[in-house]
Amino acid sequence: MQRRNFLVAFGITTLSVPLGAIAAEPINTDALKSSVLGASSNSLMGMLKSTLGVTQNQAEGGVGSMLKLAQEKLVKGDFDQVAALIPGAPKYLDKAKKLGAYAGQIGNLAGLNSSLGKLGISPTTSAKFVPAVTDFVSKAGGSDLGAKFAGALK
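Sequential numbering of the sequence shown, starting at 55, is according to our numbering.
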């Protein structure tokens, strides 16, 4: 009796609907992915601000600087995959440039640290900033892509 009450309480009764009718509307996976990744971008900025104590401009400019270096060093397909994981990546690239983080090529880790410094990010915070973003990319895009991204930032 308890099992029946449980099933009825959750609306599980004998199916009188054809199974094909249940899945009449296909799931829009592109919209779902976009929604999830959009939330991921906001959570990336939120995480950087809360755990590292950087401002919104520093978070966006710092991510943009990292993307710029990755763009310089990764093959186009790999960079496109990384950029796709961070919705608004073009916006962050532009933001970093507008904030004066870079004017031309960043080149290497020393150039990246210089870019982050131009945003007012201390060397101590820079040392935490880069692994935080690399970890985000690894979790969102897989360890192989994360390793490529991390390698590009050296």
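Ideal placement from N, C-alpha and C gives every residue a C-beta, glycine not left out.
Beta-carbon contacts of residue i that lie in its chain and below 8 angstroms, excluding the five residues immediately before and after
i      : result
TYR146 : GLU114, GLY115, VAL117, GLY118, LEU121, ILE140
PRO262 : Any question about residue 262 goes unanswered here, given that the chain covers just 55 to 208.
Three-state class that DSSP yields for residue i in the structure shown
i      : result
LYS193 : helix
LYS208 : coil
SER104 : helix
ALA75  : For ALA75, the predicted structure reports a pLDDT of 42, less than 50, and the residue's modelled location is therefore unreliable. A value from the coordinates is still provided. Reduced to three states, the DSSP call for ALA75 is helix.
Sequence-distant residues of its chain with Cβ nearer than 6 angstroms to residue i (five each side left out)
i      : result
LYS127 : ALA206
LEU211 : No answer is possible for residue 211: it lies beyond the span of the chain, which begins at 55 and ends at 208.
LYS202 : ASP132
GLN110 : none
ALA155 : GLY115, SER119, SER169, LYS172, LEU173
Cβ-heavy atom distance, residue i to the ligand SAM, below 6 angstroms
i      : result
GLY118 : Although the ligand SAM was asked about, the structure shown includes no ligands whatsoever.
7 angstroms CB neighbourhood of residue i in its chain, flanking five on each side removed
i      : result
LEU163 : LEU207, LYS208
GLN125 : PHE133
VAL191 : VAL136, LEU139, LEU199, GLY200, PHE203
Beta carbon of residue i nearer than 7 angstroms to that of residue j
i      : j      : result
LEU123 : LEU153 : no
ILE160 : GLN112 : no
LEU106 : THR178 : no
Practice problem: At 4 residues or longer, and completely inside the region 123 to 187: list those alpha helix (DSSP H) runs for me, N to C. | Solution: 130 to 139, 143 to 152, 163 to 172
Quiz item: Do three or more CB pairs link the region 168 to 181 to the region 125 to 144 at distances below 8 angstroms?
Solution: no
Practice problem: May I ask you to verify whether the region 186 to 200 touches the region 98 to 105, counting CB pairs closer than 8 angstroms and requiring at least 3? | Solution: yes
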